[in-house]
Each structure stands twice: as C-alpha cells, then as structure tokens.
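Once you know that position 26 of the sequence shown is 173 in the working numbering, the rest is easy, because the numbers rise by one and skip nothing. Just so it is clear, CB atoms sit at the ideal spot from N, CA and C, and this is done for glycine as well. Because the structure is a prediction, the values reported are computed rather than measured. Single-structure report; data block below.
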Amino acid sequence: MTSSFAISLAFLCLHRYGIVLGTHRELLLSVAFTSFCWILTAFVGPETDHATLISFYKKVHPLGAGLDPHPRGSGRASSRSREVCP
C-alpha cells in the first residue's frame, strides 16, 4: 500500500510541475510499480513460519485449483476425493 501511495504522490508532484503523462500511462505505471514492490517483498521478505500457515489453513479451509485439501504437516492424510472448486 505504501508503494501505491508513493507512486500517486509522485504523479501529483509531476502534475504540479506541469508534467502530465496521461491517465492511461499513469495507471499502467502505477500497476507495474506496485506489482514490482509486492513481488520484491515476497522474495526478499521473511518467510512465514510453517506452523502459522497450517493454523491459517485449518481456520480458513481454502478451496481452489492447485490447493491440497490436507497440506503436509496438517495432521490429516492427503486425499483428492474432495471436490475442488474451479
């Protein structure tokens, strides 16, 4: 969120100095910069503890393509018999 706010402030400063890129370019640059920051944070930031992830999984029970109904370490045997929502 900080990156999105920062790029918005940068565009605001550019507008004050008479530099206008156009809304379509500003939107694309904003999305690209924010995505870059999120991806950088995901790879450089600290890894989440495995026990915390298992606890979250047990509370939320997410479904979806590619999600194992019973991840390793959750204390339940893995089975693919449960339907997975697309």
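Requested in this report: Confirm, please, whether the CB-CB distance from Thr195 to Ser151 is below 8 Å.
Outcome: Against a cut-off of 8 Å, the Cβ pair of Thr195 and Ser151 comes out as no contact.
Requested in this report: Throw me the rounded Cβ distance for the Ile154 and Leu176 pair, which I believe falls under 8 Å.
Outcome: That pair is a contact at about 7 Å.
Requested in this report: Return helix, strand or coil for Ile201, following the three-state DSSP convention.
Outcome: Three-state result, Ile201: helix.
Query - Boundaries of the alpha helix (DSSP H) in which Thr170 is found, first to last residue - result: Secondary structure note for Thr170: its alpha helix (DSSP H) is the uninterrupted segment 170-191.
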